[in-house]
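Data block below; observations after.
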Amino acid sequence: MVEKNHAPLFETKPAKNLFIFRSYAVSVFAGIIFIFCYRVHHLPEPNTAARWAWLGAFFSELWFVIYWFVTVVVRWNPVHRRTFKDRLSQRYEKVLPGIDIFVCTADPVIEPPTMVINTVLSVMAYNYLPDKMSVYLSDDGCSDLTFYAMLEASRFSKKWLPFCRKFNVEPRSPEAYFKSAAESLDDSLKRQEWLSMKNLYEDMKQRIEAMAELGRVTDDMREQHKGFLEWDSVSSRRDHQTVFQILIDGTDSTAVDDEGQPLPTLAYLAREKRPQYHHNFKAGAMNALIRVSSKISNAPIILNVDCDMYSNNSDSVRDALCFLLDEENGHDIAYVQYPQNFDNLTENDLYSSSLGLINHVEFHGLDGNGGPMYIGTGCFHRRDALSGRKYMPEGETDSLKRERHDQKQDSARVLEETCKTLADCAYEENTDWGKEMGLNYGCTVEDVLTGLSMQCRGWRSVFFKPERNAFMGVAPTTLLQSLVQHKRWSGGDFQITLSRHCPFVYGHCKIPLKLQICYCNYLLWAANSLPSLFYVTVPSLCLLRGISLFPKVSNLWGLPFMYVVTATMVYSATEFMWTCGSTLRGWWNDQRMGLYRRTTSHLFGFLDNILGLLGVTKSTFVITEKVAGDDVSKRYKQELMEFGTASPMFTVLTTIALINVSCLIGTMLRLVMHGHAVDQLAMQIGWCGLLVYINLPLYNGLFSREDEGRMPTSVTYKSAIFALLAFALAWV
11 MVEKNHAPLF ETKPAKNLFI FRSYAVSVFA GIIFIFCYRV HHLPEPNTAA RWAWLGAFFS
71 ELWFVIYWFV TVVVRWNPVH RRTFKDRLSQ RYEKVLPGID IFVCTADPVI EPPTMVINTV
131 LSVMAYNYLP DKMSVYLSDD GCSDLTFYAM LEASRFSKKW LPFCRKFNVE PRSPEAYFKS
191 AAESLDDSLK RQEWLSMKNL YEDMKQRIEA MAELGRVTDD MREQHKGFLE WDSVSSRRDH
251 QTVFQILIDG TDSTAVDDEG QPLPTLAYLA REKRPQYHHN FKAGAMNALI RVSSKISNAP
311 IILNVDCDMY SNNSDSVRDA LCFLLDEENG HDIAYVQYPQ NFDNLTENDL YSSSLGLINH
371 VEFHGLDGNG GPMYIGTGCF HRRDALSGRK YMPEGETDSL KRERHDQKQD SARVLEETCK
431 TLADCAYEEN TDWGKEMGLN YGCTVEDVLT GLSMQCRGWR SVFFKPERNA FMGVAPTTLL
491 QSLVQHKRWS GGDFQITLSR HCPFVYGHCK IPLKLQICYC NYLLWAANSL PSLFYVTVPS
551 LCLLRGISLF PKVSNLWGLP FMYVVTATMV YSATEFMWTC GSTLRGWWND QRMGLYRRTT
611 SHLFGFLDNI LGLLGVTKST FVITEKVAGD DVSKRYKQEL MEFGTASPMF TVLTTIALIN
671 VSCLIGTMLR LVMHGHAVDQ LAMQIGWCGL LVYINLPLYN GLFSREDEGR MPTSVTYKSA
731 IFALLAFALA WV
C-alpha cells in the first residue's frame with residue numbers, strides 16, 4: 011500500500027482575475043433589467059405589426075438572457091490544473107497500469123489510411139512502457155487498404171519507436187514531425203539518420219498512396235499476410251463478417267524493435283455488419299473494442315482518439331495518470347478529458363474551428379462546477395467506469411495499480427478467433443451494452459451522453475490543458491463542412507435535452523445543479539436558432555417599414571441597450587485575444603461563424619429533432635471530411651470562404667444576407683429622399699449595418715468572385731425568391 015502522506019500528483023487552482031468577469035457580468039445584468047423595464051413600459055398599440063414585432067423582440071431577448079445566465083454559471087468558477095509527473099515516476103514507475111488505446115476510423119476515402127497510421131504510430135510511441143500499451147484500430151469501413159496501411163505501420167514502428175526515443179521526438183506522428191522539424195541538425199551523423207528515417211517514411215507513404223490510387227491491394231501484397239484472406243468473404247463495407255487480426259503480439263518475446271525493446275500490441279478490428287442490424291455508429295465500434303480488448307490486454311485505462319487526432323505530446327499518458335492515481339483525489343475520477351486542437355488552422359481561424367473559448371474558458375468552468383463533458387476523443391477513461399460500473403468509495407486507486415490476470419494467455423491466432431464473436435452483430439442482443447454498459451446508443455453525440463451517464467453513476471471528470479497540446483487534429487476546410495459538423499453536434503445535444511437523459515431529470519440529485527446548468531450551455535445550442543433567426547430578420551424588415559423596436563439614441567432608455575451591446579463586444583474581443591491568443595480579425599471571424607451556425611447548423615439540428623419526434627426522420631452520423639482538393643486548400647489558406655456547393659444552409663444564409671442589405675439600402679434611400687428623422691431608427695440602422703458588415707464575405711461570394719468557391723447561381727436565385735417573399739409578408 012502507498013502511504014497516505016505522499017505529496018499530491020496534481021494540484022488545482024482557481025483562475026486569476028475573476029473579479030473582472032464578475033464585475034462585467036453584474037453590470038450587464040443591471041443593464042438587462044433596464045432593457046426589460048423599457049420593453050414592458052413601452053408596448054406599442056395592440057393588434058398592430060409593431061406590437062407583434064415588439065413581443066417577438068421581447069421573447070427573443072428573454073431567451074437570450076436565460077442563455078446568457080447559463081454562460082455566466084459556466085464561467086463563474088473556472089479552475090486550472092497542474093500535474094507532477096516526477097512524483098508519479100518516483101512512486102509508481104514499477105507498478106504503472108496498462109493502457110489500451112482505441113483509434114476509430116470509418117471511411118478510407120474521407121479518412122485516408124496514411125492519416126490513420128500517423129495517429130497509430132504517434133500513440134505507439136508514447137513515453138510509456140511499451141509492454142504496458144496495446145493499440146487497437148476499429149475500421150468501420152472494413153477496408154483492405156486500411157489493413158494494408160496498418161501492416162506497413164507495424165513494420166515501420168520497429169524503426170520509428172527507437173528513433174523517437176533517441177532524439178526525443180515531438181510530435182511523434184511522422185507526417186507532422188517531418189513537416190515541422192528542420193533538416194539541419196548540429197551533428198552530421200544525426201542529420202544523416204534524420205534523413206534516412208524521413209526517406210523510409212516517404213517510401214512507406216508512397217506505397218500506401220499507390221494502393222489507394224489503385225483502389226485495391228495488389229495480389230503480391232496480399233500474399234504478405236494471412237489477414238487479407240478475410241476480404242475474400244467480404245460482400246461490402248456494410249455487409250461482412252468480423253475481421254480481427256493481431257499485427258504485433260506484445261506478449262511475444264520476438265515482438266521487438268530494432269534496438270531489442272518490446273513493441274506495443276497492435277491489432278486491427280472491423281466488427282461484423284449486416285443490413286438487418288443497426289451498427290450504432292462510433293459508439294458501437296467503441297463497445298466492440300472494449301469487449302475485444304478485455305480478452306487480450308484488459309488494461310484498466312482506456313484512451314480513445316479519432317483517427318485524425320494524433321498525439322502531439324508523448325507525456326500525455328503520464329499526465330492523465332497523475333489524476334487517476336492520486337491517492338487523495340483520484341479515486342472517483344472516471345475520465346481525464348484533453349482539449350481538441352488542430353494543426354491546419356489559418357492565421358485568423360477563418361471558420362472558428364479552434365474551439366478557443368471552449369478550450370480556454372468554458373471547459374475550465376465546467377471543471378470547476380463538477381467536471382467537463384466527454385467529447386469523444388483525447389480522453390483517458392477508467393475501464394470500469396466506461397463499462398458501466400457505479401462509483402464505490404473504496405478501492406478505486408488500488409484497482410488501477412493491480413495487475414490484470416483475467417485476460418487470456420492464448421496465442422495470437424487463438425485469440426483472433428475467440429475474439430471475433432465479441433464483435434458480432436448479435437452479441438449485444440438482450441444485454442445492457444449501449445444502455446448501462448459501454449458507450450450509450452440512440453444519440454448522435456454518444457460521447458456527451460456517455461460522459462453524463464458516468465457522472466450520474468457517481469464518478470467525476472477533470473479537464474487538463476497542458477502547455478504543449480496533447481492532441482492535434484484536422485479542422486474543416488470548407489464552410490459547409492463546418493456547418494454540417496455543428497449541425498450534428500447541436501442536433502445531438504438537443505436530442506439529449508428532449509429525452510429522459512435531460513440533465514435536470516436524469517441528473518437530478520446525482521450531479522450538482524450547477525453542472526446540470528453547465529450542460530445547457532451546449533444542449534441548448536439548437537434552441538438558440540429561433541430567437542437568433544428572428545433577430546437577424548425582423549428588425550431589418552421593420553426598419554424598412556419605419557417601425558422602431560429600440561429607443562432613440564438621444565433617449566436615456568437607449569443607454570442600457572448601448573451599454574449591454576458595447577460592453578459585451580468589448581469584453582468578448584478582449585477575452586478572445588487575451589485568453590485564446592487570437593487576433594482581432596480572428597474574433598470577428600468567430601462572431602461571424604457564431605451567427606452562421608445559429609441560423610443554419612443549429613436551426614437544422616432543431617428541425618431534425620422536431621421531425622424526429624414526429625417520426626418523420628431518423629438521426630444519422632455524418633463523418634466530417636478530413637481531406638480537401640488543392641484548389642479548396644489554396645483558397646482556405648488565403649482565408650477565402652468556400653461556398654462552391656449548393657446547400658439549403660447556404661440558401662438560408664444568402665436569404666438573410668439579401669434581406670439585410672436590401673433593408674439597409676432601402677432605409678437609407680428613404681431617409682435621403684424624404685428626410686425622416688434618423689434618431690428614432692438609429693439603433694436599428696446600426697444593427698442592420700452590423701449584419702451587412704459581418705456578411706461581407708458572403709456578398710463577395712455572391713457578386714464579386716469568379717473562382718469555383720463562389721456562391722452557386724442556383725442558391726442565389728432561390729434566396730432572392732425567398733427574400734422577396736419575406737418582403738411581401740412584412741408588408742401584409
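Sequential numbering from 11 applies to the sequence shown in the working numbering. All C-beta atoms in this analysis are idealised placements derived from N, C-alpha and C, irrespective of residue type, glycine included.
Buried or exposed: where does T627 fall if 16 or more other Cβ atoms within 10 Å of its Cβ makes it buried?
exposed
Where G386 falls: helix, strand or coil (DSSP):
coil
Own chain, CB closer than 6 angstroms to R608, minus 5 neighbours either side, in chain order
N538, S539, S542
For E162 and P122, what's the separation of their Cα atoms in angstroms?
14 angstroms
Is V12 buried or exposed, if buried means 16 or more other CB atoms sit within 10 Å of its CB?
With a pLDDT of 45 at V12, under the threshold of 50, the modelled position of this residue cannot be trusted, and the question is left open.
Please report the residue range of the beta strand (DSSP E) in which K23 lies.
20-24
Supposed close pair A277, Q255 - CB separation, criterion 8 angstroms
7 angstroms
Could you tell me the boundaries of the beta strand (DSSP E) in which I258 lies?
253-258
Tell me which residues share the same chain as M587 and place their Cβ nearer than 8 angstroms to its Cβ, disregarding the 5 neighbours each side in the sequence.
T593, L594, G596, W597
What are the boundary residues of the alpha helix (DSSP H) that R720 is part of?
No alpha helix (DSSP H) contains R720, which DSSP labels as neither H nor E.
On the DSSP bridge list, what partners appear for F660?
DSSP output for F660 lists no bridge partner at all.
For the alpha helix (DSSP H) containing C590, list its first residue and its last residue.
568-590
Three or more C-beta pairs below 8 angstroms linking the stretch 43-59 and the stretch 556-571:
yes
By Cβ distance, which residues of its chain are closer than 7 angstroms to S397, with the 5 residues on each side in sequence left out?
I300, M447, G448
For H341, does the count of other Cβ atoms within 10 angstroms reach 16, so buried, or fall short, so exposed?
buried
Report the three-state DSSP secondary structure of L746 (helix, strand or coil).
Because the chain here runs from 11 to 742, residue 746 falls outside it and cannot be looked at.
According to DSSP, residues forming a beta bridge with T115:
D149
Hey, D717 and K562: beta-carbon distance below 8 angstroms or not?
no
Report all residues from its chain with a CB closer than 6 angstroms to the CB of E372; omit the five preceding and five following residues, and keep chain order.
V84
Among the residues of its own chain, which have a CB less than 7 angstroms from the CB of A4, if the five just before and after it don't count?
Because the chain in this structure spans residues 11 to 742, residue 4 falls outside the shown range and cannot be described.
Just the Cα atoms here: how many angstroms apart are A740 and C698?
16 angstroms
Per DSSP, what kind of secondary structure is R498 in: helix, strand or coil?
helix
DSSP beta-bridge partners for W443?
M447
DSSP three-state call for E406: helix, strand or coil?
Unreliable positioning characterises E406 in this predicted model, as indicated by a pLDDT of 47, which lies under 50. A coordinate reading is not provided.
From F544, M693, L365, K524, pick the residue whose C-alpha is nearest to that of N599; which is it?
L365
Does DSSP classify F653 as helix, strand or coil?
coil
State yes or no: is the C-beta of F382 within less than 8 angstroms of the C-beta of F473?
Residue identity check: residue 382 is Pro in the sequence provided, not Phe. Result yes, Cβ atoms of P382 and F473 sit closer than 8 angstroms.
In angstroms with no decimal places, state the Cα-to-Cα distance between K760 and T387.
A query on residue 760 cannot be resolved here, the shown segment of the chain reaching from 11 to 742 and no further.
R470: first and last residue of the uninterrupted alpha helix (DSSP H) it sits in:
Unbroken run through R470 is the beta strand (DSSP E), 470-473; no alpha helix (DSSP H).
Candidates F238, L106, I120, of which the one nearest D316 by Cα:
I120
Do N379 and C528 have their CB atoms nearer than 8 angstroms?
yes
Candidates I42, T664, M214: closest to K733 by CA position:
In the sequence under discussion, the amino acid at residue 733 is Ala, which differs from the Lys named in the question. Looking at the Cα atoms, T664 is the closest of the given residues.
Taking buried to mean at least 16 other C-beta atoms within 10 Å of its own C-beta, is D442 buried or exposed?
exposed
Please classify H374: is it buried, with 16 or more other beta-carbons within 10 angstroms of its beta-carbon, or exposed?
buried
Take K728 and list the residues in its own chain whose beta-carbon comes closer than 7 angstroms to its own, dropping the five residues that flank it on each side.
T661
Roughly how many angstroms separate the alpha carbons of K200 and M464, rounded to a whole number?
48 angstroms
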